[in-house]
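Its first residue numbered 0, the sequence shown is counted upward by one per residue in numbering that gives the first Met the number 0.
Where a beta carbon is used, it is the ideal one built from N, C-alpha and C, also for glycine.
Notes to accompany the following structure.
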Amino acid sequence: MRLVLVGGGHAHLIVLEALAERRDATLDVTLVTPSRWQYYSGMLPGWIMGRYGEDDCRVDLRPLASRAGANLVLGRVVAMNADRSLLCLQDGRHLEYDMLSLNTGSETNVEWLASLSERLLTVKPVEQFFALWQEVVNPLAARPCPSIVVVGGGAAGAELSIAVKSALSAADGKCSVTLVAGNSGLLSGHNPMVRRRMQSALDAAGIRVLRERAAGVEDGVLLPGGELVKADLVIAATGARPSAFLAQSRLALSDDGFVAVDNLHRSPSHPNVFAAGDVSTRLDGATTRSGVHAVRAGPILAHNLIAATRGLPLGPYKPRKRSLYLIVSGPDKAIVSWGGLGVAGRRAWRWKDRIDRNFIKRFHRGERDRVSRMQEFFAVALQRSIVANALRIALFVGTVLNLINQGGAVLSGDAPSWLHVVLNYVVPYCVATYSAVRNEMRHEHVAINPAPRNGSDISHLPSPRGHLPGSASPQLPASIAAEESAQEAPSQAAGGRNLTPPDSQHRQQVRPTDPGDDLRAS
Numbered sequence: 000m001r002l003v004l005v006g007g008g009h010a011h012l013i014v015l016e017a018l019a020e021r022r023d024a025t026l027d028v029t030l031v032t033p034s035r036w037q038y039y040s041g042m043l044p045g046w047i048m049g050r051y052g053e054d055d056c057r058v059d060l061r062p063l064a065s066r067a068g069a070n071l072v073l074g075r076v077v078a079m080n081a082d083r084s085l086l087c088l089q090d091g092r093h094l095e096y097d098m099l100s101l102n103t104g105s106e107t108n109v110e111w112l113a114s115l116s117e118r119l120l121t122v123k124p125v126e127q128f129f130a131l132w133q134e135v136v137n138p139l140a141a142r143p144c145p146s147i148v149v150v151g152g153g154a155a156g157a158e159l160s161i162a163v164k165s166a167l168s169a170a171d172g173k174c175s176v177t178l179v180a181g182n183s184g185l186l187s188g189h190n191p192m193v194r195r196r197m198q199s200a201l202d203a204a205g206i207r208v209l210r211e212r213a214a215g216v217e218d219g220v221l222l223p224g225g226e227l228v229k230a231d232l233v234i235a236a237t238g239a240r241p242s243a244f245l246a247q248s249r250l251a252l253s254d255d256g257f258v259a260v261d262n263l264h265r266s267p268s269h270p271n272v273f274a275a276g277d278v279s280t281r282l283d284g285a286t287t288r289s290g291v292h293a294v295r296a297g298p299i300l301a302h303n304l305i306a307a308t309r310g311l312p313l314g315p316y317k318p319r320k321r322s323l324y325l326i327v328s329g330p331d332k333a334i335v336s337w338g339g340l341g342v343a344g345r346r347a348w349r350w351k352d353r354i355d356r357n358f359i360k361r362f363h364r365g366e367r368d369r370v371s372r373m374q375e376f377f378a379v380a381l382q383r384s385i386v387a388n389a390l391r392i393a394l395f396v397g398t399v400l401n402l403i404n405q406g407g408a409v410l411s412g413d414a415p416s417w418l419h420v421v422l423n424y425v426v427p428y429c430v431a432t433y434s435a436v437r438n439e440m441r442h443e444h445v446a447i448n449p450a451p452r453n454g455s456d457i458s459h460l461p462s463p464r465g466h467l468p469g470s471a472s473p474q475l476p477a478s479i480a481a482e483e484s485a486q487e488a489p490s491q492a493a494g495g496r497n498l499t500p501p502d503s504q505h506r507q508q509v510r511p512t513d514p515g516d517d518l519r520a521s
């Protein structure tokens, strides 16, 4: 069975993790991705502001693919024929598959900004933004008062505006940042409380917000009323558009051109094709195009891919009624958006920081060698609470054992065996420490990698219930709620069938050929 994963997105990270935990010799897995690095977009604003290094924000796909037994192919898919189960890469190589999963993300829609040419920097692909920002930030900082325009009124646009303002202001103290939020306004998908808090954060940072559409021109953006907003750099955080190869892929597409999927995240036109993340659109409209759903759909996608290769029942992804969003609102500040709730402050940033770091750490675990794992083990073992608890257990158990084993000798006047006396204390201490450390490390792992909850005959597979790492419960930490109360007081005073895949166990072939061969209809 040839399983091809296209893209190293958040959902496929979880798929690779599941494949590594349950290696299947009959499954020939190939991961196709343009780069060995998968960047976590949620940490991009923090990286711009200098809170993270580049390595803190990315996952190396090579060791992850290796642990999953997957063949890593560095390349970009430029054409696809789903009727023939065939992919074509940019360099002309072809890939055949029995089962396919797409997690390639989307591209930034820049049709209104194309005239900007070299002044334009798009948020997607994220890895490209990381590379290009490092090239432009120093020349921008060297200007007397650089002018930056960010286009896009969603969370990404608001976060980038604040991050860029913070980074360039820290460099020379002066810069102008304008956020063009579009006709729908700022954070239109969030509740009024969150929108007000973000507007306050933008005002405090000195960022001008324009609630109208803008078109790119040679030296900036042009507003409908004729006003020209000059810009040294325009950052596009606008809506998503599908990858070009999907249009001729023969897959069923949604009205907006993305891969149509059912609640199993499977194509209704080609049951051997699955998709998750921004590349897909749920036909039932249950999800929006959001990184939150890309992460939460990961365990379901992993479950369904493995189950489908074995002809076992698939599970649906059932989104929660309310999704938790943590939006950067300043240096070391964030806004919590959950349903009708909007909470802001530094504790919200620390909550977001912990979630983001744990997500990256989750996929870095397997990269550490034995020495690193031993270092972590002993670091946990030396924690004060574990040492104190182990000493209490050793003192009690050791004393009981010595009374039983050495009490007769002492009462008869004979010298006790001091080696056995010491061992009766040391062994319980070591056992208690080992158990406590294992439990602590297992608890940490479960917190960011929940165990399967499916009680069927495929209980070893990832659960078909999604979970956002680090946010198992939407309940706010008490510290954040308390800070919110303190901040509020002054203002108040003022569908488809199961797939039985074809039997194919030969190794995946990647063969160079003419990009036009075999992709056309026979």
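Does the beta-carbon of residue i have 16 or more other beta-carbons within 10 angstroms, so that it is buried, or is it exposed?
i      : result
HIS302 : buried
LEU15  : buried
ILE305 : buried
SER384 : exposed
GLY225 : exposed
ASN80  : buried
HIS201 : Looking at the sequence provided, one finds Leu at residue 201 rather than His. By the 10 Å Cβ count, LEU201 comes out buried.
ILE403 : exposed
ASN137 : exposed
GLU53  : exposed
GLY338 : exposed
THR25  : exposed
ALA307 : buried
TYR433 : exposed
GLN243 : Looking at the sequence shown, residue 243 is not Gln but Ala. Exposed, by the Cβ-count rule.
LEU410 : exposed
LEU43  : buried
LEU115 : buried
VAL208 : buried
TRP348 : buried
GLN37  : buried
HIS466 : Because the pLDDT at HIS466 is just 37, under 50, the model does not fix this residue reliably, and the point stays unresolved.
CYS144 : exposed
Since residue i contacts residue j with CB under 8 Å, what's their CB separation in whole angstroms?
i      : j      : result
ALA274 : SER100 : 7 Å
VAL58  : ILE359 : 6 Å
VAL233 : LEU131 : Wrong, their Cβ atoms sit about 13 Å apart, outside the cutoff.
ALA239 : GLU106 : 7 Å
VAL179 : ALA213 : 5 Å
SER187 : GLY152 : 7 Å
VAL327 : GLU158 : 4 Å
ALA235 : VAL109 : 5 Å
MET192 : GLY344 : In fact, because the Cβ distance is near 13 Å, the residues do not count as touching under 8 Å.
SER40  : GLY290 : 6 Å
HIS9   : ALA293 : 5 Å
ALA524 : ASN401 : The displayed coordinates of the chain run from 0 to 521. Any statement about residue 524 would go beyond what the structure contains.
HIS264 : ILE299 : 6 Å
LEU94  : LEU86  : 4 Å
So residue i is in the beta strand (DSSP E); what residue range does that whole segment cover?
i      : result
GLY215 : 214-216
LYS542 : Since the first residue of the chain shown is 0 and the last is 521, residue 542 is not available in this structure.
HIS264 : Neither: HIS264 is in no beta strand (DSSP E) and is coded neither H nor E.
ASP31  : First, the residue type needs correcting, since residue 31 is Val and not Asp in the sequence shown. 27-32 is the extent of the beta strand (DSSP E) around VAL31.
ARG57  : 57-59
ALA78  : 76-80
LEU88  : 85-88
TRP36  : 36-38
LEU4   : 1-5
LEU101 : 98-101
SER279 : 279-281
ALA69  : 69-73
TYR146 : Residue identity check: residue 146 is Ser in the sequence provided, not Tyr. Here the beta strand (DSSP E) through SER146 covers 146-150.
ALA274 : 272-274
Under 6 Å from any heavy atom of the ligand ADP, does the C-beta of residue i make it?
i      : result
ALA203 : As for the ligand ADP, it is missing from this structure, which has no ligand bound.
Could you pull the start and end residues of the alpha helix (DSSP H) that residue i belongs to?
i      : result
LEU394 : 383-410
GLU95  : Element bounds for GLU95: not the alpha helix (DSSP H) but the beta strand (DSSP E), 92-95.
GLN532 : Within the shown structure, residues of the chain are numbered from 0 to 521, placing residue 532 beyond reach of any answer.
ALA285 : Element bounds for ALA285: n/a, residue is neither H nor E.
LEU120 : Note, LEU120: premise wrong, no alpha helix (DSSP H); beta strand (DSSP E) at 119-121.
VAL14  : 9-20
LEU112 : Careful: LEU112 lies outside any alpha helix (DSSP H) and carries neither H nor E.
GLY45  : 43-47
Which runs of the alpha helix (DSSP H) spanning at least 4 residues fall entirely within the stretch 174-257, listed in chain order?
191-204
Validate contact between the stretch 257-272 and the stretch 179-197 using beta carbons, cut 8 Å, 3 pairs:
no
What are the complete alpha helix (DSSP H) segments, minimum 4 residues, inside the stretch 302-366?
345-363
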